[in-house]
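First residue of the sequence shown: 6, per the UniProt record's numbering; consecutive thereafter. Note that the Cβ used here is the ideal one computed from N, Cα and C, for glycine as well.
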Amino acid sequence: IFILAIESSCDDTSAAVLCNKKKLSNVVATQKIHEEYGGVVPELASRAHQQNIVPVVHQALSKANIDKKQLSAIAFTRGPGLMGSLLVGTSFAKSLAIGLNIPLIEVNHMQAHILAHFIEEESMTAPTFPFLALTISGGHTQIVLVRDYFDMEILGETLDDAVGEAFDKSAKILGLPYPGGPLVDKYAQLGNPKTFQFTKPRVDGLNFSFSGLKTGILYFIQKEVKKNPDFVAENINDICASIQYTIIQILMDKLKKAVKDTGVKRIAIGGGVSANSGIRKALKEAEHLHGWITFIPKFEYCTDNAAMIGIVGYLKYKEAHFTKQDVTAKARYVIGS
Ligand code: ATP
Ligand code: FE
């Protein structure tokens, strides 16, 4: 089975070709234009997708050494995401499926962040069911009980900002360019995480909240900068390490609770923030500390990519779970809805 997958939910245009569970190509065009605005500008994102989509798909096919006539189906991200961005991928996928007279398969982006673990890769082992998925990305923070490929239950999620936003907004306060998450990670590796203390939010159950942390960081920085204008520059490593440490503590506390509640000790992470070196380390340590079995995706499958859409496409193809041509993009699209 050859699946062509298309992802255009936010600011990355991506296309991938899979042969069954194996990735043959995974091309990602990242949009640089948003950097100067300090965040994703939806209108500019959809225009850039429009420009990128044809070359990106061509590249994915030629890298995979596959002719479009060999394709078995087209999988695409239906949502959640930015409507204008989703429409580009959705329309393109529909047209190509009609043109080639092959099935169309819609994919939920958040489900794909989880099922990315099932892409066959030498360096990755797939989790067995049931497992807990911690999806941490630019728009979501969820703990999901995964009973089967398409039997997922959200146990908890953020009530306000997502973890990725917590990273990016903290970075913005420190004057770092967008997206600041990877930069906070980079500086954190050189700093002492115990230097500064930030208050952790108190949220019931398995839900999260990150907006208070961001405000706490803002007030702290403003206060210190008044005393010493060079405070940020002089302490950037320790500040980033302390922020990252706090965020990881929040995530690990909830994971511990989820394990206790469910008795499930297999933990898989997914989404852009799972590229974070501190989180990867904390999870590996939890294997020794708490006897968890953890699953950490390759960097390539953490941030937005079409290969994760392709694996869901393949799993649905096997169940002949196809999508009608009158499908529309869905900006808000909860797993299982
Ligand atoms: P969603 O998947 O919820 O629709 P999205 O697709 O925009 O959101 P992703 O591409 O999955 O989000 O993740 C992007 C986020 O990951 C950004 O907030 C970015 O700062 C963050 N991120 C990427 N790498 C790192 C890192 N090493 N450390 C911390 N954050 C990171
Ligand atoms: Fe994503």
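query                                                                                                                                                  : result
Applying the 10 Å Cβ sphere with the 16-neighbour rule, what's the burial state of Leu87?                                                              : buried
Who are the near neighbours of Gln194 in its chain, counting only those whose CB is closer than 7 Å to its CB and skipping five residues on each side? : Ser282
For the ligand ATP, which residues count as neighbours when the test is a C-beta closer than 5 Å to any heavy atom?                                    : Cys15, Ser142, Gly143, Gly144, His145, Gly169, Phe172, Asp173, Pro184, Gly186, Pro187, Asp190, Gly276, Gly277, Val278, Ala280, Asn281, Thr308, Asp309
For the ligand FE, is there any heavy atom lying closer than 7 Å to the beta carbon of His118?                                                         : yes
Please confirm whether any heavy atom of the ligand FE lies closer than 7 Å to the CB of His122.                                                       : no
Considering just the uninterrupted stretch of the beta strand (DSSP E) at Ala34, what are its terminal residues?                                       : 27–35
Using a Cβ-Cβ cut-off of 8 Å, state whether Tyr306 counts as contacting chain B.                                                                       : As a matter of chain content, chain B is missing from the structure shown, which is built from one protein chain.
Based on the DSSP output, what are the partners of Asn106 in its beta bridges?                                                                         : DSSP lists no partner for Asn106.
Give the DSSP bridge partners of Ala151, in chain order.                                                                                               : Sequence inspection shows Val at residue 151; the Ala mentioned does not correspond to that position. Answer is Phe136, Met157, bridged to Val151.
When burial is assigned at 16 or more other CB atoms within 10 Å of the CB, is Leu320 buried or exposed?                                               : buried
From Ala238, Ile244, Ser214, Gly84, pick the residue whose C-alpha is nearest to that of Phe225; which is it?                                          : Ile244
Which whole-angstrom value is the C-beta distance of Tyr322 and Met313, which I expect to be below 8 Å?                                                : That pair is no contact at about 15 Å.
Name the two residues that bound the continuous beta strand (DSSP E) containing Val22.                                                                 : 17–24
Between Pro85, Met129, Ile340, Gln202, which has its C-alpha nearest Ile248's C-alpha?                                                                 : Gln202
Relative to the alpha-carbon of Cys24, which residue among Glu125, Glu239, Ile298, Gln254 has its alpha-carbon at the smallest distance?               : Glu125
Let me confirm a value: Ile6 is counted as buried when at least 16 other C-beta atoms fall within 10 Å, else exposed. Which label applies?             : exposed
To the nearest angstrom, how far is the alpha carbon of Gly169 from that of Ile141?                                                                    : 7 Å
Kindly identify the DSSP beta-bridge partner or partners of Ala273.                                                                                    : Ala138, Phe300
Which same chain residues end up closer than 8 Å to Phe327 when comparing Cβ atoms and leaving out the 5 residues on each side of it in sequence?      : Ala78, Pro108, Leu109, Ile110, Lys321
If you check the beta carbons only, do Ile272 and Phe136 fall under 8 Å apart?                                                                         : yes
Looking at Leu288 and Ile298, is the spacing between their C-beta atoms short of 8 Å?                                                                  : no
Alpha helix (DSSP H) containing Ile252: first to last residue?                                                                                         : 236–267
Which one of Asn242, Asp331, Thr204 has the shortest CA to CA distance from Leu188?                                                                    : Asn242
Can you tell me where the alpha helix (DSSP H) holding Ile226 begins and where it ends?                                                                : 216–232
Could you pull the start and end residues of the beta strand (DSSP E) that Leu9 belongs to?                                                            : 7–12
Could you check which residue in Ala325, Glu324, Gly318 has the C-alpha nearest to that of Arg83?                                                      : Gly318
Does the Cβ of Thr251 have 16 or more other Cβ atoms within 10 Å, making it buried, or fewer, making it exposed?                                       : buried
With a threshold of 7 Å, establish whether the CB of His39 neighbours any heavy atom of the ligand FE.                                                 : no
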